[in-house]
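Positions -12 to 438 (the numbering used here) are the ones given, in order, by the sequence shown.
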Amino acid sequence: MFGSVFGVREILKGKSASDDMEHKSKTCGENLRNQDVLNEDRISELPEDLLMQILSSLATKDVIGTCVLSKKWRSLWKKVPSIKFDFRYHKTEHHRLSEIVCKSLLSYNSPVLDSFYLVDINVSEASDGIKIWIGIAFARHVRKLVLKLHLDVKYDGNLIRFPSVYCNCNNTLDTMEIGKLFLLDFPCRVGLKSLKKLILSYVNFKDDESVCNLLCGCPSLEDLVVQRRGNHDEAVITFTIAVPSLQRLTIVDTFRGKSRGGYVINAPSLKYLNITGVGLLRFSLHGTPRPIELYGFCLIQNSPQLVEAKITGFTDITLLNENIMVSLTSAKRLSFDFQPFKAYLYHDNKVSSFPLAGEWEQRPTCVPECLLFHLETLVWTGYIWDRKDDREVATYILKKARRLKKATFYTEPIELENLQTSEEKRDEMLNELASGVRASSSCHLLFESIN
-12 MFGSVFGVRE
-2 ILKGKSASDD
8 MEHKSKTCGE
18 NLRNQDVLNE
28 DRISELPEDL
38 LMQILSSLAT
48 KDVIGTCVLS
58 KKWRSLWKKV
68 PSIKFDFRYH
78 KTEHHRLSEI
88 VCKSLLSYNS
98 PVLDSFYLVD
108 INVSEASDGI
118 KIWIGIAFAR
128 HVRKLVLKLH
138 LDVKYDGNLI
148 RFPSVYCNCN
158 NTLDTMEIGK
168 LFLLDFPCRV
178 GLKSLKKLIL
188 SYVNFKDDES
198 VCNLLCGCPS
208 LEDLVVQRRG
218 NHDEAVITFT
228 IAVPSLQRLT
238 IVDTFRGKSR
248 GGYVINAPSL
258 KYLNITGVGL
268 LRFSLHGTPR
278 PIELYGFCLI
288 QNSPQLVEAK
298 ITGFTDITLL
308 NENIMVSLTS
318 AKRLSFDFQP
328 FKAYLYHDNK
338 VSSFPLAGEW
348 EQRPTCVPEC
358 LLFHLETLVW
368 TGYIWDRKDD
378 REVATYILKK
388 ARRLKKATFY
398 TEPIELENLQ
408 TSEEKRDEML
418 NELASGVRAS
428 SSCHLLFESI
438 N
């Protein structure tokens, strides 16, 4: 019996050893297959269009670096339709910079250059070759051009003149962004027929005529962003924006101090207007603005399709004409943010004149049409409850706005040292406003504190 048991044990032991060997063999096979998977070049199997899309999102130095991956990748980078040099991360010797950029531009064999970026390049390094680079990009039918220079210690004070000759006749450029330290001199009208978006960030123009010749030569322009420091650009007195196709306009003027110039806007297709500043602004809506020592001017001539307008950030605004809103009558959303009042008006049809600047003694002789028939929502940010003018304006709006559905007043937080006394006084005055006469019986009144 013992012999039988022993024999069974040996058989089972032998079977167990065989199972172990089989398991190890399977595991080894799986490991080899996994290693094959790891070694497999799956990226190269992706469609070329997808590879181009991936590579286009990378900086050019990283794209060129892929040429060492395999034989297929040796020339793949030359087909990428985008060139991006960001010198915050791409450091090189000055004498090699021009050579690297030129070789990159000339090596690409894509029929169309989708984008060409030169970002944060030192102006002292760019001065030698940037005109050549721009010329090659235009010859490659560039669609998006971004040029941003960096001010370095070697800068000699001379601006880089943008080569205007390449803009005389171009049918491919869709987007262009030009930054500071460039001088734009356009002696005649450009021919950027396909340009839809233009960003001018603290560039210098030679004169008023150069501004007109650039903007008037962009018949397809829809989106314009202008960032400047007003009088800092001494050569330009009147910045004229006369573009029939323009739909979006953003102006950011950071100049502080006395101003002798301003803006004239004639854009019949304009839908969105955003003007931001930190200085003094004078609005005129028809005729030629007369020079005033302190105030810059903004002349809005023709914007019948305007949907939304924002005018914010100014320390003071002077109105040359009581009907400041004449050119904004089609706006469905209109916002102001300047001293002494801050108000946001939203309504469905149109805006009539309603002065929100100056002493309240200048109240309109006739009730504005927007209050009587159109204003539905009022949001007043920065309502100063203990200021007489604010209370009188708020009371006037509530008494006249027949279609007003909701009015929200945001008040400034109260100082801790006067918390209890000020809170009681504030609540008393807000309750007085809430209990006053309202033209709209369905108006919902809210008071909120700005955090």
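Glycine residues also receive a C-beta, built at the ideal position from the N, C-alpha and C atoms.
Relative to the alpha-carbon of Phe169, which residue among Ile121, Ala394, Glu399, Cys175 has its alpha-carbon at the smallest distance?
Ile121
Complete runs of the alpha helix (DSSP H) confined to the stretch 350 to 410 [at least 4 residues]
The stretch 350 to 410 contains these whole alpha helix (DSSP H) runs: 375 to 387.
Taking only the alpha-carbon atoms, compute the straight-line gap between Gly116 and Ile186 and give it to the nearest angstrom.
Cα-Cα distance, rounded: 23 Å.
Please report the distance separating the alpha-carbon of Gln292 from that of Arg425.
Distance between the alpha carbons of Gln292 and Arg425: 32 Å.
For a test of the three-state rule: what should DSSP assign to Lys183, helix, strand or coil?
coil
In this structure, how does DSSP classify Leu420 when only helix, strand and coil are distinguished?
helix
Roughly how far, in whole angstroms, is the beta-carbon of Phe125 from the beta-carbon of Asn155, given that I think they are within contact range, below 8 Å?
With a Cβ gap of about 10 Å, Phe125 and Asn155 do not count as contacting.
Among Phe242, Gly264, Leu236, whose alpha-carbon lies nearest the alpha-carbon of Ala254?
When only C-alpha atoms are compared, the closest one is Leu236.
Rounded distance between the beta-carbons of Ser256 and Ser232, thought under 8 Å:
6 Å
Same chain, Cβ closer than 7 Å to Ser207, five either side skipped, listed in chain order:
Lys180, Ser181, Leu182, Lys183, Ser232
Grouping DSSP H, G and I as helix and E and B as strand, with all else coil, what is Arg413?
helix
Report the partner residues of Gln214 according to the DSSP bridge assignment.
Ser188, Val239
Reduced DSSP category for Ser436 - H, G, I as helix; E, B as strand; rest coil:
strand
Hey, quick one: how far does the alpha helix (DSSP H) through Phe226 stretch, first residue to last?
No alpha helix (DSSP H) contains Phe226, which is instead part of the beta strand (DSSP E) from 225 to 229.
Which residues bound the beta strand (DSSP E) around Asn200?
Not the beta strand (DSSP E): Asn200 falls in the alpha helix (DSSP H), residues 195 to 202.
Beta-carbon proximity list for Leu93, same chain, < 6 Å, skipping 5 on both sides
none
If you follow the alpha helix (DSSP H) that Glu112 is in, where does it begin and where does it stop?
110 to 113
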